[in-house]
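Enquirer: Chains as they are written, first to last, in my numbering: chain A, 1 to 116; chain B, 1001 to 1111. Using N, Cα and C, we set each Cβ at its ideal position, and we do this for glycine too.
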């Protein structure tokens, strides 16, 4: 049981380049999330998808777009990368009804992105 | 009102000691308070969680203490071990909504 799988694990981009971070979960979860982790800032929500076919902005959505391709897959796209987007990106998923005591958040192992 | 404030930012404890990490929140509608543990190069993983209708939850060496009136909750790690060295995040959410995370605490347990 793989859980939440993210690709790639590492990526280096030049300013202005674009890329898509891929995420897939095999737990039949309804909700999926993209977070970024920066030192001293904790985990900040970029976008989330409460269910297949819906997406909503989180705390820091500027410069990103997302696609909920199907129930399993949720991708994050950087259209024109900037050095401020250097971060570790985590995809996560949770069961029906969002995140709670009976539906904890499960994380992937992250994508480490550097923008030069 | 959506913030969760975590302290300290870093913590060094001797093996066998007690590690204590604190979090404070403002939104009284929060009804779920988990703690996540993250090892280097890995994603955060759920460690322990509590609902606001109990004041304490214990799982092995890990205990959450919850003070509803003070809007604070803390993680206590008893008999801390070098293998507990990791980054710890507190978080909160309400009614199945999005998790709001604290800033994280980097714990180092010295042998």
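1) Counting contacts by CB-CB distance shorter than 8 angstroms, is residue 45(A) in contact with chain E?
2) Hey, is the segment 1071-1088 of chain B in contact with the segment 1033-1043 of chain B, meaning 3+ C-beta pairs nearer than 8 angstroms?
3) Counting only C-beta atoms, is residue 48(A) closer than 8 angstroms to chain B at any point?
4) List the residues of chain B that residue 41(A) touches, going by C-beta distances under 7 angstroms, in chain order.
5) For residue 82(A), which residues from the same chain have a beta carbon less than 7 angstroms from its beta carbon, with the 5 sequence-adjacent residues on both sides left out?
6) Are any of the Cβ atoms in chain B nearer than 8 angstroms to that of residue 90(A)?
7) Taking the continuous beta strand (DSSP E) assigned at residue 104(A), which residues delimit it?
8) Going by beta-carbon coordinates alone, are residue 94(A) and residue 31(A) separated by less than 8 angstroms?
9) As a quick exercise: from 73(A), 55(A), 72(A), 11(A), pick the residue whose alpha carbon is nearest that of residue 65(A).
10) Can residue 1105(B) and residue 1006(B) be called in contact, C-beta distance under 8 angstroms?
11) To which residues of the same chain is residue 6(A) closer than 6 angstroms at the C-beta, ignoring the five residues directly before and after it?
12) At 3 residues or longer, and completely inside the segment 1026-1106 of chain B: list those beta strand (DSSP E) runs for me, N to C.
13) Take residue 12(A) and list the residues in its own chain whose beta-carbon comes closer than 7 angstroms to its own, dropping the five residues that flank it on each side.
14) Confirm, please, whether the CB-CB distance from residue 1095(B) to residue 1053(B) is below 8 angstroms.
15) Under 8 angstroms, do residue 67(A) and residue 75(A) count as touching if we go by C-beta distance?
16) Between the C-alpha atoms of residue 1068(B) and residue 1049(B), what's the straight-line distance to the nearest angstrom?
17) So, at 6 angstroms on beta carbons, what are the nonlocal neighbours of residue 42(A) in its own chain, with the 5 sequence-adjacent residues on each side left out?
18) Checking 8 angstroms against the spacing of the C-beta atoms, do residue 1073(B) and residue 1065(B) come in under that value?
19) Using only the alpha-carbon positions, how far apart do residue 1013(B) and residue 50(A) sit?
20) Write down the C-beta distance between residue 1077(B) and residue 1010(B) rounded to the nearest angstrom, noting that I regard them as a contact closer than 8 angstroms.
21) Pull up the DSSP beta-bridge partners for residue 21(A), would you.
22) Identify, in the order they occur along the chain, each residue of the same chain with its Cβ nearer than 8 angstroms to the Cβ of residue 106(A), setting aside the five sequence neighbours on each side.
23) Give me, in chain order, the residues of the same chain whose beta-carbon lies closer than 6 angstroms to that of residue 1092(B); leave out the 5 immediate sequence neighbours on both sides.
24) Leaving aside the five residues before and after residue 58(A) along the sequence, list all residues of the same chain whose C-beta is less than 7 angstroms from its C-beta, in chain order.
Expert: In short:
1) Looking at the structure shown, chain E is missing, and the protein chains on hand are A and B.
2) Counting Cβ pairs under 8 angstroms, three or more are found: they touch.
3) yes
4) 1103
5) 15, 63, 115
6) yes
7) Element bounds for residue 104(A): n/a, residue is neither H nor E.
8) yes
9) Out of 73(A), 55(A), 72(A), 11(A), 55(A) has the C-alpha closest to the C-alpha of residue 65(A).
10) yes
11) 23, 91, 108, 111
12) 1033-1038, 1045-1050, 1056-1059, 1062-1067, 1072-1077, 1086-1092
13) 114, 116
14) no
15) A contact, by the Cβ cut-off of 8 angstroms.
16) In this structure, the straight-line span from the alpha carbon of residue 1068(B) to that of residue 1049(B) is close to 15 angstroms.
17) none
18) yes
19) 40 angstroms
20) Not a contact, Cβ separation roughly 15 angstroms.
21) 76(A)
22) Contacts found: 3, 4, 25, 27, 29, 92, 93, 94.
23) 1004, 1025, 1030, 1033, 1100
24) 45, 46, 47, 48
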